[in-house]
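Participant: Numbered per our numbering, the sequence shown spans residues 372 to 652.
Just so it is clear, CB atoms sit at the ideal spot from N, CA and C, and this is done for glycine as well.
Quick one: this structure, given as structure tokens, is what I'll be asking you about.
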Amino acid sequence: MEIIRQITLFKEKIKEARRLGNSIGFVPTMGFLHEGHLSLLRQARAENDLVVLSIFVNPLQFGAGEDFEDYPRDLERDAALAVSAGCDIIFAPATRDMYPKDYATFVEVERLTSGLCGASRLGHFRGVTTVVNKLFNIVTPDRAYFGQKDAQQAIIIRRMAKDLNMGLEIDVLPIIREADGLAMSSRNSYLTQAERKSATVLYRSLCLANESIAAGERNAGLIEQLIRAAIDSERLAHIDYIAVVDAENLLELDKIEKRVLIALAVRFGKTRLIDNIIVEV
Ligand code: PAF
């Protein structure tokens with residue numbers, strides 16, 4: 372496995388792969404890999420000739436006061452994990468090469484970006500779509516792999532790829548969870564022991580919602596209240612949002628009648644965690 376930092380050198384590799392007729396599977400990440408990322412890499416390995424992982428902590432998607440500086444970085448550890456999951460090339464560009472001083476171009480998806488995480492992290496999705504667009508242009512993948520944990524991000528990227536005729540397949544793979552249900556995330560490493568214990572309430576509350584819908588509840592407001600009560604019972608948990616929305620267009624629902632996305636963001640100390648489930652009725 373190779374680690375390439377320079378964009379020009381990396382593009383040479385891609386050109387050669389294309390000359391040989393190889394298909395390219397791409398897993399974009401900000402590093403500090405966990406089982407969730409590795410599941411994407413394994414899927415990419417199974418479906419493509421060349422597997423590329425990008426590691427780039429994208430400053431554009433962090434707001435003022437967010438954790439850009441503190442975001443965990445460990446390339447050596449990531450390289451060992453990536454190779455074990457079948458990665459061929461890690462592309463790890465420098466910020467100055469991705470965003471030189473005179474950088475002036477941004478990509479924005481409307482509507483889908485205004486609610487949920489977009490409401491509390493202004494400009495976040497503009498940063499995500501801009502960097503993913505740039506990465507797609509550099510890597511030119513046939514297939515790109517994202518995790519369902521970032522459900523809103525996945526929907527937005529699918530929209531962008533379709534709207535801009537990018538001609539690649541976007542695959543979204545299931546959330547990988549710890550044994551106690553906590554969704555895997557690089558940010559879990561920030562949690563104190565007490566916060567880590569409290570954070571199990573996220574999946575527990577989503578499971579309660581799922582059970583209630585399975586038992587016939589269709590009132591979205593009541594489902595939201597059920598989740599809120601469960602999370603509020605944890606002293607260390609501070610709710611950012613709980614949303615019961617249409618799983619295709621992210622519009623808020625009064626009544627649960629079709630495929631719904633139940634998504635939430637909750638703070639534990641300085642750590643903001645997200646989680647979600649999709650419920651089919
Ligand atoms: O999901 C992430 O890790 C990031 O938002 C992504 C897609 C790599 C863009 O920086």
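Would you give the residue range spanned by the alpha helix (DSSP H) that Ile567 belongs to?
Facilitator: Along the sequence shown, read from residue 1 onward, the residue named residue 567 stands at position 196. At residue 567 the sequence reads Arg, which differs from the Ile that was named. 564 to 569 is the span of the alpha helix (DSSP H), which, as asked, contains Arg567.
Participant: Could you check whether Leu446 and Leu409 sit closer than 8 Å to each other, using their CB atoms as the reference points?
Facilitator: On the sequence shown, residue 409 is found 38 positions in, with the first residue counted as 1. On the sequence shown, residue 446 is found 75 positions in, with the first residue counted as 1. Not a contact, by the Cβ cut-off of 8 Å.
Participant: If you run the structure through DSSP and keep just helix, strand and coil, what is Asp617?
Facilitator: The count along the sequence shown starts at 1 and reaches residue 617 at position 246. DSSP places Asp617 in strand when its eight states are reduced to three.
Participant: Just to confirm the assignment, what range does the beta strand (DSSP E) spanning Asp646 have?
Facilitator: What you label residue 646 is simply residue 275 of the sequence shown in a count that begins at 1. Per DSSP, Asp646 belongs to the beta strand (DSSP E) from 642 to 650.
Participant: Taking 8 Å as the threshold, find out whether the region 396 to 404 comes into contact with the region 508 to 516 through three or more Cβ pairs.
Facilitator: Yes: at least three Cβ pairs fall under 8 Å.
Participant: Is the closest heavy atom of the ligand PAF to the C-beta of Gln524 under 7 Å?
Facilitator: Counted from its first residue, the sequence shown places residue 524 at position 153. At least one heavy atom of the ligand PAF is nearer than 7 Å to the Cβ of Gln524, so yes.
Participant: Could you give the first and the last residue of the continuous alpha helix (DSSP H) run that contains Leu446?
Facilitator: Taking the first residue of the sequence shown as 1, we reach residue 446 at position 75. Per DSSP, Leu446 belongs to the alpha helix (DSSP H) from 446 to 455.
Participant: Which partner residues of Ile633 appear in the DSSP bridge assignment?
Facilitator: Residue numbering aside, residue 633 sits at position 262 when the sequence shown is read from its first letter. Answer by DSSP bridge pairing, in chain order: Val615, Ile648.
Participant: Can you tell me the Cα-Cα spacing of Ile426 and Glu588, whole angstroms?
Facilitator: The residue labelled residue 426 in the question sits at position 55 within the sequence shown. The residue labelled residue 588 in the question sits at position 217 within the sequence shown. One C-alpha to the other measures close to 42 Å.
Participant: At the level of alpha carbons, what is the spacing between Leu635 and Lys520?
Facilitator: On the sequence shown, position 264 is the one that residue 635 refers to. On the sequence shown, position 149 is the one that residue 520 refers to. So the alpha carbons of these two residues sit roughly 10 Å apart.
Participant: Could you say if the region 521 to 528 and the region 414 to 425 meet the contact criterion of at least three C-beta pairs nearer than 8 Å?
Facilitator: No, because fewer than three Cβ pairs between the region 521 to 528 and the region 414 to 425 fall closer than 8 Å, the two stretches do not touch.
Participant: Confirm the yes/no value for this check: CB of Gln414, any heavy atom of the ligand PAF, distance under 7 Å.
Facilitator: Walking along the sequence shown from the start, residue 414 turns up at place 43. It does not: the Cβ of Gln414 is nowhere closer than 7 Å to a heavy atom of the ligand PAF.
Participant: Keeping to the same chain, check which residues put their C-beta closer than 7 Å to that of Tyr442; ignore five residues upstream and five downstream.
Facilitator: Along the sequence shown, read from residue 1 onward, the residue named residue 442 stands at position 71. Result list for Tyr442: Met401, Val428, in chain order.
Participant: Tell me whether Ile547 sits in a helix, a strand or coil according to DSSP, three-state version.
Facilitator: As a first step, residue 547 must be located in the sequence shown, where it is residue number 176. Note: Ile547 maps to coil in three-state DSSP.
Participant: Quick one: measure Cβ to Cβ for Arg376 and Ala450, integer angstroms, because I've assumed they're closer than 8 Å.
Facilitator: As a working note, residue 376 is residue 5 in the sequence shown. As a working note, residue 450 is residue 79 in the sequence shown. Their Cβ separation, rounded to whole angstroms, is 12 Å, which puts Arg376 and Ala450 out of contact at 8 Å.
Participant: What residue from Val631, Leu424, Glu566 has the CA that sits closest to Ile461's CA?
Facilitator: Along the sequence shown, one-based indexing puts residue 461 at 90. Looking at the Cα atoms, Leu424 is the closest of the given residues.
Participant: Got a sec: does the ligand PAF put a non-hydrogen atom nearer than 7 Å to the Cβ of Asn429?
Facilitator: Working through the sequence shown from its first residue, we reach residue 429 at position 58. Asn429 Cβ: within cutoff of the ligand PAF.
Participant: Taking buried to mean at least 16 other C-beta atoms within 10 Å of its own C-beta, is Gly538 buried or exposed?
Facilitator: Counting from 1 along the sequence shown, the entry for residue 538 is found at position 167. Answer is exposed; the Cβ neighbour count stays below 16.
Participant: Look at Ile648 and Leu593 and say whether their C-beta atoms are less than 8 Å apart.
Facilitator: What you label residue 648 is simply residue 277 of the sequence shown in a count that begins at 1. What you label residue 593 is simply residue 222 of the sequence shown in a count that begins at 1. No, Cβ-Cβ distance for Ile648 and Leu593 is not below 8 Å.
Participant: Could you compute how far the alpha carbon of Lys382 sits from the alpha carbon of Met469?
Facilitator: Residue 382 sits at position 11 when you count from the first residue of the sequence shown. Residue 469 sits at position 98 when you count from the first residue of the sequence shown. Approximately 14 Å between the Cα atoms of the pair.
Participant: Can you find at least 3 beta carbon pairs, one from the region 557 to 573 and one from the region 593 to 606, that sit closer than 8 Å?
Facilitator: Touching, yes.
Participant: Let me check you understand the geometry: is the CB of Asp441 closer than 7 Å to at least one non-hydrogen atom of the ligand PAF?
Facilitator: On the sequence shown, position 70 is the one that residue 441 refers to. No, the beta carbon of Asp441 sits no closer than 7 Å to any heavy atom of the ligand PAF.
Participant: How many Å lie between Ala373 and Leu421 at the Cα?
Facilitator: Position 2 of the sequence shown, counted from the start, is the residue given in the question as residue 373. Position 50 of the sequence shown, counted from the start, is the residue given in the question as residue 421. According to the sequence provided, residue 373 is Glu. The question's Ala does not apply to it. Cα-Cα distance, rounded: 12 Å.
Participant: So for Lys472, helix, strand or coil by DSSP?
Facilitator: The sequence position of residue 472 within the sequence shown is 101, counting from 1. Three-state result, Lys472: coil.
Participant: Entirely within the region 479 to 519 and at least 4 residues each: give me those alpha helix (DSSP H) ranges in chain order.
Facilitator: Counting only runs of 4 or more, we get 488 to 491, 495 to 510.
Participant: Near Pro430, what residues of its chain come up, given a Cβ to Cβ distance below 7 Å and the 5 sequence neighbours on each side ignored?
Facilitator: In the sequence shown, counting from the first residue as 1, residue 430 sits at position 59. Counting only Cβ-Cβ distances below 7 Å, and skipping sequence neighbours, we find Phe439, Thr466.
Participant: Can you tell me whether Ala435 is helix, strand or coil according to DSSP?
Facilitator: Locating residue 435 in the sequence shown gives position 64, where the first residue counts as 1. Of the three classes helix, strand and coil, the one that applies to Ala435 here is coil, per DSSP.
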